[in-house]
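Student:
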Amino acid sequence: MAKIIEIPFIQRFEYVVISLWLLVVLPAICTTLWCSVRGMRRTFRGKSTIYLLVFMLTLLALSIFFDNRKNIDLLNNTVSQIGTYVIYFYIPFLFIFSIIRSKIKGSKRTPEPQQEPQKKSESPSS
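When we follow the numbering used here, the leftmost residue of the sequence shown carries the number 3, and every step to the right adds one.
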């Protein structure tokens with residue numbers, strides 16, 4: 003990533019590179035957390051702070067298991083396979099399911115009795 007550069011006032015230049023890399027990764031993490039918390043709040047009607055705390059602790063706990071490159075590659079491959087399945091199978095399944103569901107609900111509705119059109123009463127004109 004970055005070669006070892008020795009600068010007298012900064013003992014290790016890697017700290018600077020890691021800090022700058024955090025600026026690249028942090029927006030993606032924040033956006034994902036925001037979407038997750040918002041989805042949970044809309045689904046289960048709870049407090050956002052509780053969901054945020056749960057998601058952040060879960061991320062911290064899961065990050066402990068990914069300590070070497072082999073595990074990180076395994077995670078990347080697994081997530082990409084799951085994403086492929088979601089895009090090509092789950093989303094079309096939901097579309098077809100929603101069409102079938104709307105047709106079933108549409109056929110279960112009882113049609114309202116149609117009212118006969120009222121005849122115009124012919125009033126004698128004076």
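Don't be surprised by glycine CBs; every beta carbon is placed ideally from N, CA and C.
1) Leaving out five residues on either side along the sequence, give the residues of the same chain with a beta carbon under 8 angstroms from the beta carbon of Lys49.
2) Do Ser38 and Phe57 have their beta-carbon atoms positioned less than 8 angstroms apart in this structure?
3) Measuring straight from C-alpha to C-alpha, what distance separates Leu96 and Tyr53?
4) So, using beta-carbon positions, are Ile74 and Phe68 closer together than 8 angstroms?
5) Please name the residue in Ile84, Val88, Leu35 and Phe46 whose C-alpha comes closest to that of Leu62.
6) By the three-class DSSP mapping on this structure, what secondary structure does Asn79 have?
Tutor: This is what the structure gives:
1) Scanning its chain for C-beta atoms nearer than 8 angstroms, with the 5 sequence neighbours on each side dropped, one finds around Lys49 the residues Arg43, in chain order.
2) In this structure, Phe57 sits near Ser38, with a CB-CB distance shorter than 8 angstroms.
3) Whole-angstrom Cα-Cα distance: 26 angstroms.
4) Phe68 sits close to Ile74, with the two beta carbons spaced by under 8 angstroms.
5) With distances taken between Cα atoms, Leu62 lies closest to Leu35.
6) Assignment of Asn79 by DSSP, reduced to helix, strand and coil, places it in the helix class.
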